[in-house]
Structure formats: C-alpha cells, structure tokens
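Single-structure report; data block below.
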Amino acid sequence: MNSLQESLYEKMLLIRKTEQAIDKLFSQGKLRGTVHGCIGQEAIATGVLSHINPSIDYITGNHRSHGHYLALSDDATSLIGELMGKKNGAVEGRGGSQHIRYKNFYTNGITGGMVPVAVGLAYSQKINTKSGIVVSFFGDGAMNEGYVMEAFNLASIMKLPVLFVLENNGFAMSTSQSKTTAGSCEARVRSFDIEYNFIEANDVMNIYRISEEIINRIRETRKPSFIEFKTHRFSGHSKSDKREYIDQELDRYWKMNDPLKKAKETMDQSRAAYIEAVIDRRINDAILAAIESPFPDSKEEYEGGYNA
Amino acid sequence: MKSVYYIDYLKDGLRELLQSDLSVHLLGEDIAEPYGGAFKVTKGLSLEFPDRVIQTPMSEQGFTGMAVGMALAGMKPIVEIMFGDFSTLIADQIINHASKFVWLYKKTMNLVVRTPMGGYRGYGATHSQSLERLFFGQPNTLVIAPSILNNPGRLLINSIYKGLPTIFVENKLDYARRLIEHTENYQDLEINTLGLFFPTTEVKIAGFDESELTIITYGGLTQLAIELQWKFMVEEEIPIKLICPSKISPIDEKALLEFTKNDKKILILEEGYERFGWGTEVSKLLYQADSGWKIRHIGARSEVIGASHVLEEYVLPSFNGIETTVREMVGSL
Numbered sequence: 090m091n092s093l094q095e096s097l098y099e100k101m102l103l104i105r106k107t108e109q110a111i112d113k114l115f116s117q118g119k120l121r122g123t124v125h126g127c128i129g130q131e132a133i134a135t136g137v138l139s140h141i142n143p144s145i146d147y148i149t150g151n152h153r154s155h156g157h158y159l160a161l162s163d164d165a166t167s168l169i170g171e172l173m174g175k176k177n178g179a180v181e182g183r184g185g186s187q188h189i190r191y192k193n194f195y196t197n198g199i200t201g202g203m204v205p206v207a208v209g210l211a212y213s214q215k216i217n218t219k220s221g222i223v224v225s226f227f228g229d230g231a232m233n234e235g236y237v238m239e240a241f242n243l244a245s246i247m248k249l250p251v252l253f254v255l256e257n258n259g260f261a262m263s264t265s266q267s268k269t270t271a272g273s274c275e276a277r278v279r280s281f282d283i284e285y286n287f288i289e290a291n292d293v294m295n296i297y298r299i300s301e302e303i304i305n306r307i308r309e310t311r312k313p314s315f316i317e318f319k320t321h322r323f324s325g326h327s328k329s330d331k332r333e334y335i336d337q338e339l340d341r342y343w344k345m346n347d348p349l350k351k352a353k354e355t356m357d358q359s360r361a362a363y364i365e366a367v368i369d370r371r372i373n374d375a376i377l378a379a380i381e382s383p384f385p386d387s388k389e390e391y392e393g394g395y396n397a
Numbered sequence: 112m113k114s115v116y117y118i119d120y121l122k123d124g125l126r127e128l129l130q131s132d133l134s135v136h137l138l139g140e141d142i143a144e145p146y147g148g149a150f151k152v153t154k155g156l157s158l159e160f161p162d163r164v165i166q167t168p169m170s171e172q173g174f175t176g177m178a179v180g181m182a183l184a185g186m187k188p189i190v191e192i193m194f195g196d197f198s199t200l201i202a203d204q205i206i207n208h209a210s211k212f213v214w215l216y217k218k219t220m221n222l223v224v225r226t227p228m229g230g231y232r233g234y235g236a237t238h239s240q241s242l243e244r245l246f247f248g249q250p251n252t253l254v255i256a257p258s259i260l261n262n263p264g265r266l267l268i269n270s271i272y273k274g275l276p277t278i279f280v281e282n283k284l285d286y287a288r289r290l291i292e293h294t295e296n297y298q299d300l301e302i303n304t305l306g307l308f309f310p311t312t313e314v315k316i317a318g319f320d321e322s323e324l325t326i327i328t329y330g331g332l333t334q335l336a337i338e339l340q341w342k343f344m345v346e347e348e349i350p351i352k353l354i355c356p357s358k359i360s361p362i363d364e365k366a367l368l369e370f371t372k373n374d375k376k377i378l379i380l381e382e383g384y385e386r387f388g389w390g391t392e393v394s395k396l397l398y399q400a401d402s403g404w405k406i407r408h409i410g411a412r413s414e415v416i417g418a419s420h421v422l423e424e425y426v427l428p429s430f431n432g433i434e435t436t437v438r439e440m441v442g443s444l
C-alpha cells in the first residue's frame with residue numbers, strides 16, 4: 090500500500106512526465122495544434138484535487154489543464170489520445186488540449202471564461218446538494234478579466250460553495266504580473282468579502298493539508314473561499330514559447346523549490362525509483378494506445394448537420 | 112382573466128414553467144418586485160416564486176456565465192437581458208461557452224436568453240438596435256423570435272426544453288400588442304402554420320388563394336406587414352400574403368420553400384441592418400431554390416440609430432417606405 094506521500098508524489102510525477110512526453114511528441118511531429126504545459130505547477134492540482142470527487146463536485150479548468158485532468162482521472166492515455174485527435178481521447182478528439190472533460194470536470198480555452206460558469210455550477214450545488222462544491226482553477230491573467238471580477242462578486246453576494254484557485258505563475262503569457270496588475274490579488278479578493286488564503290506551491294503535503302481544511306469548510310458553510318498559489322511554470326506559455334521573458338534567477342529559485350524534488354527528497358529512494366519506472370511504462374503504453382486508436386468519424390460527430 | 116396581449120401570454124409561459132418545473136430559474140437585472148423588469152414581463156413572479164426569480168447585479172457577462180454553469184449542471188435558467196443592445200456583453204458566454212459545450216461535451220444546454228430588441232421608441236443609439244444578427248448562423252445556437260402571430264409563452268416553453276442555447280428575441284413594441292386572435296380582422300384571415308415547436312406562419316386574406324406579393328418578415332415588423340396587407344386589400348383589392356417564421360436562425364428552409372412555392376414576387380422585411388442581414392440569407396435560400404422569384408429586401412440602413420424622431424425614421428424601415436416598395440412591386444405606382 091502506498092503512503093499518502095507516495096501517492097501524491099506518484100500523481101505529480103505522472104503529470105510532469107506526461108507533459109514532458111507531450112513536448113517530445115511535438116518535437117517528433119506527432120502532435121498538431123498547441124498545448125500549454127504545467128511543468129512546475131503539479132503540486133497544486135495534486136494537492137487540491139485529492140479532496141474532490143468529480144462525480145459529485147464540479148471542477149472547471151482553463152487552457153492549462155492537463156494537470157487537473159490527470160489529477161482527477163489518473164489517465165494519461167485519454168489525454169494523449171485527445172491531443173493526437175484520436176477516438177480514444179477524453180472527448181474523442183473533438184477538443185484537443187484546451188477542451189477536455191472528465192466526469193464533472195470541464196475546461197475551455199477562453200481566459201477567465203469558466204469562472205462565471207463555476208459560479209453557476211456552485212448555485213446548482215447549493216440548492217441541489219448538501220455538501221457538493223465547485224473548484225475553479227485559473228491563472229493570474231484571468232485576474233484582469235472583467236467577468237472574473239463579476240463572478241467573485243456574484244459568488245460572494247449569493248454565498249455559493251465555490252473554491253477559487255488562482256495558480257499565479259507570475260506571467261500572463263509573456264507579460265509579467267508587475268506590469269499588468271494594479272494593487273494585489275489579495276486586496277481584490279478581500280474587497281469582495283471572500284476568504285483569502287495564500288500558499289507557496291512548493292510542498293504538496295502542505296497544499297494537501299491546507300486545502301483539505303478549506304474544502305471541508307466550504308462544504309460546511311456553503312460560502313466561497315479563495316487560494317492564491319505562488320507557483321512557477323517551467324513550461325513555456327505554449328509549445329512555441331522559448332521563455333525569454335523569464336529571469337534565470339527565478340528559474341534557479343524554483344529549481345531549488347521544485348515540489349517534485351522536495352517530495353522525492355523525503356522518500357525512500359528505492360520506492361521513488363520504482364514509482365518512476367511504473368510511470369514511464371504507463372506513459373509509454375498511453376502513447377502506443379493513442380497511436381493505435383482510430384480517428385473520430387466526421388460524419389458521426391456532425392450527424393444531423395447545422396443545429397439539427 | 113384570459114390573456115389578450117403579447118406580454119400577458121409571455122408572462123403566462125414564464126409562470127407555467129416556474130409552476131411545472133423546479134429546475135427553471137429566472138435571472139436578470141431588476142426583474143423582482145417591486146420593479147418587475149424594465150418592460151414588466153416578470154412583474155409579480157418574484158412574489159409567487161421568491162427563490163427562483165434571481166435579481167442580479169449589473170453584470171451581464173457574469174450572470175449569463177452563471178446561467179451557462181447552471182445549464183451545465185442540468186438546470187433550466189432563463190436569463191433576461193434588459194435591452195437587446197447589451198447582448199454584445201453576453202456573446203462570449205453564449206458563443207464560446209454554452210454553444211461549444213453542446214458539441215464538445217455532448218451536453219444538453221437548457222438555456223434561454225430573453226431580450227427585447229428593436230427601435231421606434233426614441234431610445235437612441237444603444238437602446239434601439241436589433242442585434243440578434245450577432246448570433247445568426249452560429250452552430251448549436253438558436254435564435255427564436257415570436258410575433259403577434261404566435262403565443263410567445265408557448266414558444267418560450269418550447270425554447271427552454273429544446274436543449275440548445277437560445278436567444279429569444281422579443282420586440283419592445285410587441286409587448287403592448289394584441290395577439291392576432293384578439294384583433295378586429297382575425298375572422299377575415301386564413302392562417303396556416305408549418306413546424307411543430309417553432310412554427311412558420313402564413314397569413315392570407317380569406318378567400319384569396321393567390322396573392323400578388325408575398326412579404327416575409329419576423330418579430331415586431333409582423334404587425335406592420337399585417338397593416339399593409341389590410342391597406343392594400345381595402346383600398347385596392349390587392350391580396351398580399353405574409354410569411355412569418357418564429358425560428359430565425361437556423362432558417363426553417365423547408366417551411367419557407369413550401370409556403371412560397373406558388374409565389375412570384377417576394378419582399379423580405381427586417382428591422383435589423385439590411386446589409387449582411389437575415390434577409391440576405393433568406394434571399395440566398397430562395398435564389399438557390401431557382402424558382403425565378405422577383406425578390407426585394409428592406410432592412411435598416413447601416414447607420415447609427417438617432418434619437419430624434421426624424422433621424423430614427425430615416426434609419427429604420429418605415430411604413431411609407433415599405434408601402435412605396437410594395438407599390439413598385441405590384442405595379443400600382
């Protein structure tokens with residue numbers, strides 16, 4: 090039986106190695122379109138979503154949601170299949186990287202657009218369930234979208250059971266937050282009378298414990314809460330991004346504070362090596378399964394035609 | 112009391128939905144008591160259904176997004192956007208969210224946005240437009256527009272159960288109008304419909320099987336078209352036929368072609384901008400059917416709608432302007 094520590098490490102490693110495999114598939118010309126990787130941010134999805142049941146709770150993601158998807162589904166095959174546009178993909182090749190679904194988890198490619206949607210899901214949770222909640226993930230770029238502020242206001246004034254999760258990696262695409270965001274995210278959130286929490290995303294056990302407490306509180310009080318995670322993405326914004334705007338000093342700091350490195354240090358090293366081998370094999374199998382899978386059938390997918 | 116006016120039927124539909132289906136919720140600005148909506152469509156409903164008539168802040172993008180989330184969770188939200196002009200604000204949530212989920216995630220989205228469009232009331236540039244055109248042709252999105260020929264409450268009920276994000280276009284002038292069956296000349300009309308849930312309606316003067324001209328229009332201009340129909344009948348005994356779809360996008364092509372198959376001259380009327388308009392699409396469908404119709408199309412000029420009476424009249428289609436075109440077409444000029 091895996092310890093909690095080991096299973097959190099395993100989940101984070103699955104996310105990281107899947108993202109790395111996706112990068113490699115791109116360089117080999119086996120993927121089209123684009124992807125937004127989350128290398129460096131794995132501890133957030135892993136820690137927070139450990140307390141979420143995607144058959145009861147709702148979760149919304151964004152353009153950078155591979156980590157959320159894997160944390161919930163533990164299934165690299167359907168993610169890679171989706172990126173290859175294959176029938177075995179999460180949504181049978183219709184969506185690609187930015188439009189994926191697993192049970193009650195939905196993503197979309199419009200910055201901030203899923204935050205008001207999460208508020209509506211939370212409205213439904215409030216009146217239709219006793220303890221179901223919603224978790225909404227978004228980045229620091231979304232903090233400057235108008236309807237995200239509208240969503241905070243609605244969630245607060247209507248007292249809805251939603252956890253807003255800001256994954257603040259400091260850059261909206263290539264633009265530093267210091268150049269785009271007046272005041273602070275904290276002050277904005279508090280001004281809506283929403284409980285605010287801050288966590289540096291370097292220790293998955295810490296994230297696991299604090300988010301458990303916050304999520305349990307939301308289930309009980311049916312009121313919104315907010316976590317700002319300070320994090321760092323080692324992936325480019327998207328696949329073509331060379332990360333020229335990121336200070337090397339920042340990379341060095343986060344290499345030291347890499348949540349995977351930190352988790353691995355405190356583990357039995359032979360167990361860590363075993364877990365790594367298992368993940369490598371799983372990802373390899375996932376790629377093979379995706380390559381084998383057929384493409385979707387256009388006729389079937391668009392059956393009935395325009396608004397039938 | 113039996114309903115007579117368009118607004119009463121609409122409210123009956125809302126009430127019936129709230130009574131019969133607990134998942135129906137209304138959202139919008141100033142829709143609860145004592146205001147009851149800018150056009151009073153929801154007046155009184157918050158007293159009967161206090162938990163399900165949700166008065167929102169002025170956050171059209173936010174609460175429309177919220178309705179998208181409610182629909183995604185299987186509820187049936189009906190949003191009121193106070194003026195159709197504000198539907199620019201909700202375009203992202205309808206086009207990039209709600210309608211995408213229908214196909215990407217194979218979700219039934221029971222979501223209706225009710226909104227009053229149209230001018231002729233002196234409200235000026237940003238409170239008079241017919242912006243339903245923003246949603247024309249969008250996949251997995253319906254644009255439904257009742258007129259005095261339909262029971263708007265029934266169309267609303269059919270819209271919320273259709274399972275597609277629906278823009279439900281009400282015309283400001285129609286609210287105070289009587290439905291056709293409560294008008295003076297109703298007995299002298301022959302009315303036929305095609306299509307079950309979102310019918311296309313044909314109106315002929317009883318006893319005249321052949322018409323000299325067919326007018327195709329929808330929504331608020333239906334009333335004007337009927338007035339023209341009577342004027343030409345009474346004054347010159349020229350029979351004009353009217354065809355009025357309630358499903359504006361996508362167009363019910365079959366019904367349109369069935370009703371026009373014996374016609375020769377067709378005039379398409381719309382209150383929205385003529386250029387790149389709904390009538391342009393209807394014209395294309397008719398043209399491609401290759402039946403040799405003579406087709407004219409009248410809509411608003413592509414100009415900002417001025418507030419002053421004379422400026423508004425210059426931009427929007429007018430009774431006199433349409434009458435002149437009708438005379439040209441039937442050769443009585």
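Listed in order, the protein sequences are those of chains A and B.
For the first sequence, my numbering assigns the number 90 to the initial residue and increments by one for each residue that follows.
For the second sequence, my numbering assigns the number 112 to the initial residue and increments by one for each residue that follows.
We put the beta carbon where it would ideally sit given N, CA and C, even for glycine.
Between residue i and residue j, is the Cβ-Cβ spacing less than 7 Å?
| i | j | result |
| --- | --- | --- |
| A:Lys192 | A:Pro143 | yes |
| A:Arg121 | B:Leu215 | no |
| A:Leu159 | A:Leu114 | no |
| A:Thr123 | A:Ser327 | yes |
| A:Pro313 | A:Ser245 | yes |
| A:Ile430 | A:Ala375 | Shown here, chain A extends from 90 to 397; a query on residue 430 of chain A therefore has no answer. |
| A:Leu233 | A:Thr269 | Reading off the sequence shown, one finds Asn at residue 233 of chain A, where the question assumed Leu. Their beta carbons are under 7 Å apart, which means A:Asn233 touches A:Thr269 by this criterion. |
| B:Val164 | B:Leu121 | no |
| B:Gly330 | B:Ser394 | no |
| A:Gly150 | A:His140 | no |
Classify residue i as buried or exposed, calling it buried when 16 or more other Cβ atoms lie within 10 Å of its own Cβ.
| i | result |
| --- | --- |
| A:Met90 | Confidence at A:Met90 is low in this model, with a pLDDT of 49, below 50, so its placement is unreliable and the value that follows should be read with caution. Its Cβ having fewer than 16 others within 10 Å, A:Met90 is exposed. |
| A:Tyr236 | buried |
| A:Ile87 | Residue numbering for chain A in the displayed model covers 90 to 397; residue 87 of chain A lies beyond these limits and cannot be assessed. |
| A:Ala240 | buried |
| B:Tyr117 | buried |
| B:Phe387 | exposed |
| A:Ile111 | buried |
| B:Gln240 | buried |
| A:Ala231 | buried |
| B:Glu191 | buried |
| B:Leu237 | The sequence as given places Thr at residue 237 of chain B; Leu does not occur at that position. When all chains shown are included, B:Thr237 counts as exposed. |
| B:Gly147 | buried |
| B:Thr325 | buried |
What first and last residue would you give for the beta strand (DSSP E) that runs through residue i?
| i | result |
| --- | --- |
| B:Met228 | 223–228 |
| B:Arg407 | 405–411 |
| B:Thr304 | 300–305 |
| A:Tyr363 | That residue, A:Tyr363, is in no beta strand (DSSP E); its alpha helix (DSSP H) goes 358–381. |
| A:Leu252 | 251–257 |
| B:Glu166 | The residue asked about is misnamed: residue 166 of chain B is Gln in this sequence, not Glu. Here the beta strand (DSSP E) through B:Gln166 covers 164–166. |
| B:Glu281 | 277–282 |
| A:Val278 | No beta strand (DSSP E) contains A:Val278, which is instead part of the alpha helix (DSSP H) from 274–280. |
If I'm right that residue i touches residue j with Cβ under 8 Å, what's the distance once you round it to whole angstroms?
| i | j | result |
| --- | --- | --- |
| B:Phe279 | B:Val223 | 5 Å |
| A:Arg322 | A:Gly129 | 5 Å |
| B:Ala143 | B:Gln172 | Not confirmed; about 21 Å, so no contact. |
| A:Asn177 | A:His188 | So it is not a contact: roughly 16 Å between Cβ atoms. |
| B:Gly274 | B:Asn207 | Their Cβ separation, rounded to whole angstroms, is 19 Å, which puts B:Gly274 and B:Asn207 out of contact at 8 Å. |
| A:Arg153 | A:Gly228 | 7 Å |
For residue i, report the span of its alpha helix (DSSP H) as first-last.
| i | result |
| --- | --- |
| A:Tyr285 | Where A:Tyr285 is concerned, there is no enclosing alpha helix (DSSP H), although the beta strand (DSSP E) it sits in stretches over 284–289. |
| A:Gly122 | No alpha helix (DSSP H) contains A:Gly122, which DSSP labels as neither H nor E. |
| B:Lys211 | 210–215 |
| A:Val137 | 131–138 |
| A:Glu309 | 293–310 |
| A:Ser267 | 266–269 |
Within the 7 Å Cβ cut-off, does residue i reach chain E?
| i | result |
| --- | --- |
| B:Ala178 | Absent here is chain E; the protein component of the structure consists of chains A and B. |
Next item on the list: Taking a Cβ distance cut-off of 7 Å, strictly less, list which residues of the segment 212–225 of chain A are near chain B, in chain order.
Entry: Listed by position along the chain: Tyr212, Ser213.
Check: At a Cβ cut of 7 Å, what residues of the segment 230–243 of chain A count as close to chain B, listed as they run along the chain?
Finding: Correct list: Gly235, Tyr236, Glu239, Ala240, Asn242, Leu243.
Check: What residues from the segment 190–209 of chain B come within 8 Å of chain A, judged by C-beta to C-beta, listed N to C?
Finding: Answer in chain order: Asp203, Gln204, Asn207, His208.
Check: Can you list, in chain order, the residues of the segment 191–208 of chain A whose Cβ is nearer than 7 Å to any Cβ on chain B?
Finding: Listed by position along the chain: Tyr195, Asn197, Ile199, Gly202, Pro205, Val206, Ala207, Val208.
Checklist line | Members of the segment 171–189 of chain A that neighbour chain B once the beta carbon cut-off is set at 8 Å | finding: Taking 8 Å as the Cβ-Cβ cut-off, the segment 171–189 of chain A approaches chain B at Val180, Arg183, Gly184, His188, given in chain order.
Item checked: Contacting positions in the segment 140–164 of chain A - beta carbon closer than 9 Å to chain B -> Of all residues in the segment 140–164 of chain A, the ones placed with a Cβ closer than 9 Å to any Cβ belonging to chain B are Tyr147, Thr149, in chain order.
Check: Which residues, in chain order, does the segment 343–354 of chain A contribute to contact with chain B at a C-beta distance below 7 Å?
Finding: Per Cβ criterion, the list is empty.
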